[in-house]
Amino acid sequence: MEVKVLSSKLVRPSYPAGAPRPDTTEHVPSSVFDKATYHIQMAIIYAFAPPGPSAADIERGLAAVLGVYRLFAGQVRAGPDGAPGVLLNDHGARLVEASVDVHLADIAPTKPSPAVLQLHPDLEGEIEEVVQVQLTRFACGSLAVGFTANHAVADGHATSDFLVAWGRAARGLPVGPPPPVHHPDLFPPRDPPRVEFEHRGVEYYRPAQPAAAGHGHGEAQHNNIVIHKAHFTKDFVAELRAKASEGRGRPFSRFETILAHVWRTMTRARGLGNPLQTSTIRISVDGRPRLAAPAGYFGNLVLWAFPRATVWDLLNRPLKHAAQAIHDAVARVDGAYFRSFVDFASSGAVEKEGLEPTAVLKDVLCPDLEVDSWLTFPFYELDFGGGSPGYFMPSYFPTEGMLFLVPSYLGDGSVDAFVPVFEHNLEAFKQCCYSME
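Quick note on numbering: the UniProt record's numbering labels position 242 of the sequence shown as 242, and the sequence is numbered without any gaps.
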């Protein structure tokens, strides 16, 4: 597949006629949650069936929605006091138009592979824009929309709100008022601070030595990792939930059940030999309901739960054991935990002790896992005027053990799990991933 770039330009925010122009010198400081999260460009890819939305409508909608979600039109810059944040200078978003002389069905990029990296702007190097978009038109008339955004500015919840609003703007519908963004009084530390939980070694760690350049495992590792898409039907998920929840008053959630199943499957497929070895999952936990954040809050508001289990327990105890470990770990990251983190991260300990965020990309997570669940985000509600996308998926992130759970494009309640595994473990994963045992 050879993608030909036709144009690249900045799309700056547009504002209603007669509306006062905003202050383009305003600086929004990073919150303690922005500072603790991944400082990377994340990318997702949408596919729309022909005729597909017009590039003109998409561009017009992008300009309009950037006038409301101004963090995505600004630039990551230090403020006057040197604090990190976003300068609301209306720099704009990068919009690339491209074409490819094949039909979408001919390449069928329904799971991430290196080829899909051509369907969105580059994620590496110095990137001036918070948001970049690539519109790739196929010979059949289908359109791929590759969207990238700086994770240090907004999390998945916030980004999905932006995408839905972008579709509304492209259809000429009102977007709504600007969303609340971070300000120093929004999540203030308590006085006196009460750090009631341990945060060193959880959200932050003390580096033993200066970090080496790159991800540390070498490019060769990527060549041995493939991303498998496991499709779990609605009936399979229902049967799995019933099995995990047997004898329990309240059934485990769809997320808890599927993740427990994939955790056990990955442990088996990896062939981990030491039964006493511990496996841990990093799970994002949304702080919006836990901190009573204002409706529509735009930014990062996530911490992480870390359920743990031994290899022996995962392979020999029933599914409900893994599901319970996940449920309990997430429940512990409650409002009190979030407030403790705010107090800790605001205390100056991070700077005084030279602590670094644990949220960094690695090439290999074995024996551990990380999961990004998009099961509750309204990604399929992105509609530029021609209907919802045929499908969407994450880009190619070949980190062994970093899972993405997304609702299937079939729209029937089934779930797709994108699972990066070592090539030599793939067959073992396939063999047990649809087993109830």
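The beta carbon of each residue, even a glycine, is placed where N, CA and C say it ideally should be.
| Item | Value |
| --- | --- |
| Three CB pairs or more closer than 8 angstroms across the region 275-292 and the region 300-310 | yes |
| Three or more C-beta pairs below 8 angstroms linking the region 21-39 and the region 180-192 | yes |
| Touching by the beta-carbon criterion (3+ pairs, under 8 angstroms), the region 368-387 and the region 43-52 | yes |
| Identity of the residue in T399, R200, F392 and V421 nearest S408 by Cα | F392 |
| Contact set for L6: own chain, Cβ-Cβ below 7 angstroms, skip 5 residues either direction | E97, A98 and S99 |
| A169 beta carbon less than 9 angstroms from that of V68 | yes |
| Distance, R94 Cα to T148 Cα | 10 angstroms |
| Beta-carbon proximity check, L123 vs S414, cutoff 9 angstroms | no |
| Identity of the residues DSSP links to H231 by a beta bridge | D416 |
| Distance CB(L403)-CB(P378) smaller than 9 angstroms | no |
| Closest residue to I283 among M266, L272, A323 and A305 (Cα-Cα distance) | A305 |
| Assumed close pair I401, D368 - CB separation to whole angstroms, cut-off 8 angstroms | First, the amino acid is wrong: residue 401 is Gly here, not Ile. About 6 angstroms separates the two Cβ atoms, so the contact holds. |
| Close-in-space but distant-in-sequence residues of the same chain around F344 (CB under 6 angstroms, 5 per side omitted) | V195 and H199 |
| Start-to-end residues for the alpha helix (DSSP H) that takes in D23 | Looking at the DSSP string, D23 is not in any alpha helix (DSSP H), and its letter there is neither H nor E. |
| Exposure of R332, with buried meaning 16 or more beta-carbon neighbours within 10 Å | exposed |
| Contiguous alpha helix (DSSP H) assignments of at least 4 residues, all confined to the region 345-414 | 349-352 |
| Host alpha helix (DSSP H) of G201 (start-end) | Note, G201: premise wrong, no alpha helix (DSSP H); not H, not E. |
| Neighbourhood of K320 by C-beta distance below 6 angstroms, restricted to the same chain and skipping five residues each side | A244 |
| Check whether A36 and E203 have beta carbons under 9 angstroms apart | yes |
| Endpoints, beta strand (DSSP E) assigned at G85 | P84 to L87 |
| Option nearest L314 by Cα separation, candidates A329, L375, T280 and R248 | T280 |
| Three-state secondary structure (DSSP) of E423 | helix |
| Length of the line joining the Cα atoms of E437 and R270 | 17 angstroms |
| Continuous alpha helix (DSSP H) assignments of at least 4 residues falling wholly in the region 127-210 | 156-170 |
| Nearest to D235 (by Cα), restricted to the options G247, K362 and R254 | R254 |
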